[in-house]
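First up is the structure itself, then whatever we jot down about it.
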Ligand code: SF4
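Numbering (the numbering used here), first residue to last: 16 to 349.
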C-alpha cells in the first residue's frame, strides 16, 4: 500500500461550518420537499436546532422525505412527544463532570468534552440536552483537568469527544494533545468524530500534524450510520488518515427507518472496509427524551445482527452494544 498522503482539499471546513443549513424552510427548498413538513420542523427545531452542512445535504436524494441521511437531521413532530422511560440525561453523565470538561465513568479511560458544539445536529443525539455552555473550559481550567488526569495513574487512555472534538481548531487541539502527551501514564488518544463524514475536508494538514506529532497512539473513531454517507470525498479523508498511520474505526447507531435493515448494514460494513475503516460498534440508541421514534426492539436488533454474521466476514461485523447508566463499560449484546 502507498504511504503518500493525498493533497489537502481546497475548500475551507470552517466556511462549510458557517454555511451549514440551520433554517428548516431552506432545507426543504433545497431538497424539493413539500412545505407541509415545515410547521413540525420549525416547532421541533425550537427545542434542538437544525444544523446540517451542505456537503452532507448534497448526498441526500431530492424529493424523498424518507432519505436515510435526511431522517437523521430533519426535525419532526415526533420529537415533541413525551415518551415514558426516556430521559434528558439517560447515561447520567452530568453527575460525572467534577473537573472542567471531564467525564470520568471508566477506571482506565476518561472523556474530554473537547468542543462545545458539532458540525451537524443529529436528531437521535444522546447529548442533545447536554449543558455544553457549562462545559466549555478556558485553558486555565483545562490545566486543572489535566492535573486530575496526571494524578490518577489508572488512566491510560483519553477520549476526545464533544460535541465533536474536530469542531475545535487545530491549534487548540494541538495544545491539548501536547499537554496530554506530557502525562507519562496516558498511552492512547482516541478521537470520536462525525466531522470527516459530514465535512470531509476537515482532515487538514494541520489536523494530521497534531494527530501524529506526539508519542501517543492515536485512534480515530468515525461516526457513520449509512453507506450513502461515504462518498469519494469521505474516502479521501480516511485515506489521508490511514496514510498517516492512524487507526480508523467506525461506530454506528442502529436507527429505525435509517439503517435497521440487512442490506444497509451489510453495505455499510463493506463500504467502510473499502475506504479503510473497520466497523467497531453498532449501538442501540440511548433512551433520550425526544428520540423514541428512532428506537428499535433489542430482539429485532439481535435478529438483524445474526443475519449480518451470516453475510459478512467476522472482522466486518461490529459488536452490538448498548450503554446503561452506572455501568463501568458498554453492555455487549452480541
Ligand atoms: S455529531 Fe455526535 S454529538 Fe454531535 S449531534 Fe451528532 S450524535 Fe450528537
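Ideal Cβ placement from N, Cα and C applies to all residues, glycine included.
Residue(s) in a DSSP beta bridge with residue i
i           : result
residue 10  : This structure cannot speak to residue 10, because the chain is shown only from 16 to 349.
residue 267 : 297
residue 144 : In the DSSP output, where bridge partners are listed per residue, residue 144 has none listed.
residue 234 : 205, 262
residue 127 : 117, 175
residue 102 : 303
residue 67  : 36
Straight-line gap, residue i to residue j (C-alpha atoms, nearest Å)
i           : j           : result
residue 255 : residue 228 : 15 Å
residue 349 : residue 155 : 43 Å
residue 238 : residue 273 : 14 Å
residue 342 : residue 202 : 24 Å
residue 311 : residue 73  : 28 Å
residue 222 : residue 185 : 6 Å
residue 260 : residue 173 : 19 Å
residue 88  : residue 308 : 13 Å
residue 168 : residue 162 : 11 Å
residue 179 : residue 77  : 27 Å
residue 66  : residue 137 : 8 Å
residue 141 : residue 197 : 32 Å
residue 38  : residue 325 : 43 Å
residue 226 : residue 99  : 42 Å
residue 204 : residue 148 : 25 Å
residue 130 : residue 145 : 12 Å
residue 103 : residue 304 : 5 Å
residue 299 : residue 117 : 24 Å
residue 46  : residue 92  : 19 Å
residue 49  : residue 215 : 29 Å
residue 286 : residue 56  : 31 Å
residue 101 : residue 270 : 16 Å
residue 23  : residue 264 : Unreliable positioning characterises residue 23 in this predicted model, as indicated by a pLDDT of 49, which lies under 50. The coordinate reading is nonetheless provided below. Straight-line Cα distance between these residues: approximately 22 Å.
residue 191 : residue 224 : 13 Å
residue 301 : residue 253 : 27 Å
residue 133 : residue 127 : 14 Å
residue 176 : residue 115 : 14 Å
residue 59  : residue 244 : 24 Å
residue 246 : residue 166 : 43 Å
residue 319 : residue 266 : 16 Å
Residue i: first and last residue of the uninterrupted alpha helix (DSSP H) it sits in
i           : result
residue 286 : 277-290
residue 320 : 313-326
residue 57  : 53-62
residue 244 : Unbroken run through residue 244: none, as it is neither H nor E.
residue 273 : Here residue 273 belongs to no alpha helix (DSSP H), and DSSP marks it neither H nor E.
residue 97  : First-last for residue 97: undefined, no H or E at that position.
residue 185 : 185-196
residue 220 : 220-227
residue 158 : 154-165
residue 8   : There is simply no residue 8 to check, as the chain begins at 16 and stops at 349 in what is shown.
residue 331 : Element bounds for residue 331: n/a, residue is neither H nor E.
Per-residue burial, residue i [other beta carbons within 10 Å of its own, 16 or more giving buried]
i           : result
residue 64  : exposed
residue 84  : buried
residue 17  : Unreliable positioning characterises residue 17 in this predicted model, as indicated by a pLDDT of 45, which lies under 50. The coordinate reading is nonetheless provided below. The residue in question, residue 17, is exposed, as its Cβ has fewer than 16 Cβ neighbours within 10 Å.
residue 27  : exposed
residue 150 : buried
residue 71  : buried
residue 25  : Caution is warranted here: a pLDDT of 40 is assigned to residue 25, below 50, making its placement in the model unreliable, and the coordinate value is therefore given only provisionally. Exposed, since its Cβ has fewer than 16 Cβ neighbours within 10 Å.
residue 337 : buried
residue 207 : buried
residue 213 : buried
residue 170 : buried
residue 159 : exposed
residue 31  : buried
residue 220 : exposed
residue 61  : exposed
residue 328 : exposed
residue 333 : buried
residue 95  : exposed
residue 33  : exposed
residue 290 : buried
residue 335 : buried
residue 122 : exposed
residue 42  : buried
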